[in-house]
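A short worksheet on the structure shown next.
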Amino acid sequence: MANKPKLTFKVNGINQPQAQEGCVDISEVIAVGDYVVQDGSKFRVIGKTFVMEADVVVGLEYDMEPA
592 MANKPKLTFK
602 VNGINQPQAQ
612 EGCVDISEVI
622 AVGDYVVQDG
632 SKFRVIGKTF
642 VMEADVVVGL
652 EYDMEPA
């Protein structure tokens with residue numbers, strides 16, 4: 592079984608992913624249960640993790656499953 596894809600946002604604006612379906616702006620909040628399109632495939636967000644470094648949020652990581 593393949594690893595579930597992840598969608599990662601860096602808070603500082605580096606390495607941002609391509610525009611996601613239904614998201615007007617990178618700063619728009621993606622919630623668990625939302626659908627996104629990445630590399631032409633549709634996924635449903637099933638988890639959200641804040642990536643911390645030294646007690647500072649440096650990124651958001653979303654777990655996804657094929658939709």
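The sequence shown begins at 592 in my numbering and counts up by one. Think of the CB as a built atom: it goes at the ideal place given N, C-alpha and C, for glycine as much as any other residue.
Over what stretch of residues does the beta strand (DSSP E) that includes residue i continue unbroken?
i: D654; result: V647 to P657
i: V628; result: Y626 to Q629
To the nearest whole angstrom, what separates the beta carbons of residue i and residue j, a pair I think is in contact under 8 Å?
i: L598; j: M643; result: Actually they do not touch by this definition, with Cβ atoms about 18 Å apart.
i: G638; j: Y653; result: 7 Å
i: V636; j: G624; result: 6 Å
Is there at least one Cβ from chain C nearer than 8 Å to residue i's Cβ?
i: L651; result: The structure shown contains no chain C; it holds only a single protein chain.
Pull the bridge partners of residue i from the DSSP assignment, please.
i: V623; result: Beta-bridge pairing links V623 to no other residue.
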